[in-house]
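Below: the structure, in structure tokens.
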Amino acid sequence: MPSPDDRVNLEIWFLEYGTVPLDEAGELQYQELLPLLSEVWQKATAIQQLNWLWQIARLWQPMQNKEVATSLLDPSLLRVNGAIVQLLKLKFDEGKQASLPELAQLWSRWIPQASPEIAPFLQQLCQHLEQSDITQSEQLLALLDRAIEQCGQHQKRTYQIYTCTDSGPTRDHNEDACYPAEDELVEIGDREMALAIVCDGIGGQEGGEIASQLAIETLLEEINHLTTELEEATPQHQIRAIEQAICTTNDFISQRNDSENRQERQRMGTTLVMSLTHAHQMYLAHVGDSRIYRISPTSCHQVTVDDDLASREVRLGYLLYRDAVQYPNAGALVQALGMSSSLSLHPTVQRLILDEDCIFLLCSDGLSDFDRIEQFWRSEIVPILTQGRNLVEAGKVC
Numbered sequence: 140m141p142s143p144d145d146r147v148n149l150e151i152w153f154l155e156y157g158t159v160p161l162d163e164a165g166e167l168q169y170q171e172l173l174p175l176l177s178e179v180w181q182k183a184t185a186i187q188q189l190n191w192l193w194q195i196a197r198l199w200q201p202m203q204n205k206e207v208a209t210s211l212l213d214p215s216l217l218r219v220n221g222a223i224v225q226l227l228k229l230k231f232d233e234g235k236q237a238s239l240p241e242l243a244q245l246w247s248r249w250i251p252q253a254s255p256e257i258a259p260f261l262q263q264l265c266q267h268l269e270q271s272d273i274t275q276s277e278q279l280l281a282l283l284d285r286a287i288e289q290c291g292q293h294q295k296r297t298y299q300i301y302t303c304t305d306s307g308p309t310r311d312h313n314e315d316a317c318y319p320a321e322d323e324l325v326e327i328g329d330r331e332m333a334l335a336i337v338c339d340g341i342g343g344q345e346g347g348e349i350a351s352q353l354a355i356e357t358l359l360e361e362i363n364h365l366t367t368e369l370e371e372a373t374p375q376h377q378i379r380a381i382e383q384a385i386c387t388t389n390d391f392i393s394q395r396n397d398s399e400n401r402q403e404r405q406r407m408g409t410t411l412v413m414s415l416t417h418a419h420q421m422y423l424a425h426v427g428d429s430r431i432y433r434i435s436p437t438s439c440h441q442v443t444v445d446d447d448l449a450s451r452e453v454r455l456g457y458l459l460y461r462d463a464v465q466y467p468n469a470g471a472l473v474q475a476l477g478m479s480s481s482l483s484l485h486p487t488v489q490r491l492i493l494d495e496d497c498i499f500l501l502c503s504d505g506l507s508d509f510d511r512i513e514q515f516w517r518s519e520i521v522p523i524l525t526q527g528r529n530l531v532e533a534g535k536v537c
């Protein structure tokens with residue numbers, strides 16, 4: 140919003156905040172858009188409460204490095220959007236570095252309303268923080284991870300996966316590939332790993348259809364080899380193992396390009412999005428501009444950030460996203476599988492805690508372009524969670 144007085148810079152920036160909770164009539168559930176964490180704390184389950192604390196702990200060191208960790212000590216700034224902790228704004232430390240004992244003082248206020256299942260743990264955790272027995276955020280995260288693991292053992296989880304592809308109205312062939320096989324509904328039990336993959340051969344690249352299928356086959360083989368290792372490894376080792384599987388897949392396609400003497404735009408390439416469950420955790424990986432969305436009854440959150448020029452400009456702080464996408468070649472990819480050696484590849488692997496019923500939507504840009512997901516998630520996808528809509532029916536509509 141421009142300044143009303145040209146002599147003084149009173150500009151106000153309104154930033155996109157994603158979705159906010161609405162009621163059935165489409166009205167705001169909360170007048171402040173998102174509820175205070177402290178406001179919904181008492182009604183949350185034990186694993187939801189631990190998940191929120193875990194997210195705050197993950198933010199601690201990065202925000203301390205930027206001298207804004209004080210934001211995490213102000214309860215009026217801590218908001219939640221379903222499973223996601225969001226900050227109303229950033230508050231500068233102003234010369235005084237925020238400390239973990241101060242964080243414990245805030246968390247101590249929530250102990251009386253904590254779930255009985257975790258209240259003793261939280262009280263003991265806050266005592267250790269206040270007494271400086273815990274001095275690093277990594278120690279705090281390790282303790283929270285252990286508590287979440289124990290809490291998650293009491294959960295019963297089942298997964299349904301449905302995949303489909305469509306070449307669209309203008310193409311005579313489909314460069315997408317997916318796993319499991321398309322048009323099949325797969326149901327997976329609590330003790331199994333649920334794996335889903337979507338690859339999109341790069342448009343305009345010769346062999347994109349081949350590259351996407353090669354990526355599925357190679358990555359599936361690599362993940363199957365890692366199954367035992369992933370079961371026994373720590374979260375950090377699991378993330379590294381998934382990254383290595385992606386890099387191996389990349390090099391297989393790249394070497395195929397080299398062996399066929401493919402150069403520049405003749406080289407085969409593909410994007411990748413992948414989800415893999417392990418107990419109470421969901422691992423999400425991506426390369427390129429295919430996306431993953433996490434959808435709950437009240438929110439739709441884009442989990443991945445496109446590997447394209449527009450997003451790179453935003454990350455570097457040069458432009459706001461809506462301005463960046465207006466530039467020529469804004470959607471050009473900065474990386475994709477198979478285009479070069481994995482030495483220059485930087486796959487993104489994230490770990491989320493599963494604390495409520497939700498849907499993870501993996502899709503290529505053919506579905507996510509023009510804000511289609513943002514427009515239709517409430518009407519087409521949420522009914523799967525709230526009204527028992529058939530997953531296959533919803534998948535065919537999408």
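Just add 139 to the spot in the sequence shown (first one is 1) and you have this note's numbering. No residue lacks a Cβ here, since even glycine has one placed at the ideal position from N, Cα and C.
Simplified DSSP state of residue i, which is helix, strand or coil
i: residue 407; result: coil
i: residue 414; result: strand
i: residue 253; result: coil
i: residue 500; result: strand
i: residue 420; result: strand
i: residue 267; result: helix
i: residue 273; result: coil
i: residue 364; result: helix
i: residue 192; result: helix
i: residue 531; result: helix
i: residue 329; result: coil
i: residue 477; result: coil
i: residue 400; result: coil
i: residue 213; result: coil
i: residue 232; result: coil
i: residue 248; result: coil
i: residue 206; result: coil
i: residue 521; result: helix
i: residue 467; result: coil
Where residue i falls, given that 16 or more other Cβ within 10 Å makes a residue buried
i: residue 255; result: exposed
i: residue 536; result: exposed
i: residue 194; result: buried
i: residue 318; result: buried
i: residue 486; result: buried
i: residue 211; result: buried
i: residue 320; result: exposed
i: residue 293; result: exposed
i: residue 415; result: buried
i: residue 457; result: exposed
i: residue 302; result: buried
i: residue 398; result: exposed
Bridge partners - residue i, DSSP secondary structure assignment
i: residue 340; result: 409
i: residue 487; result: 425
i: residue 440; result: 433
i: residue 223; result: 220
i: residue 317; result: 337
i: residue 452; result: DSSP lists no partner for residue 452.
i: residue 301; result: 324
i: residue 472; result: 447
i: residue 492; result: 420
So within the stretch 150-187, which uninterrupted alpha helix (DSSP H) runs reach at least 4 residues, ignoring any that extend past its ends?
176-179
Could you tell me whether the stretch 215-222 touches the stretch 434-449, where touching means 3 or more Cβ pairs closer than 8 Å?
yes
Is the stretch 348-359 touching the stretch 380-392 in the sense that three or more CB pairs, one from each, lie closer than 8 Å?
yes
Looking at C-beta atoms only, is the number of pairs between the stretch 182-193 and the stretch 393-409 that lie closer than 8 Å three or more?
no
Does the stretch 419-431 come close enough to the stretch 488-501 to have 3 or more Cβ pairs within less than 8 Å?
yes
Segment contact flag, the stretch 526-534 with the stretch 458-477, C-beta cutoff 8 Å, min 3 pairs
no
Looking at C-beta atoms only, is the number of pairs between the stretch 471-482 and the stretch 198-206 that lie closer than 8 Å three or more?
no
Could you check whether the stretch 156-175 touches the stretch 235-252, counting it as contact only if at least three pairs of C-beta atoms, one from each stretch, sit closer than 8 Å?
no
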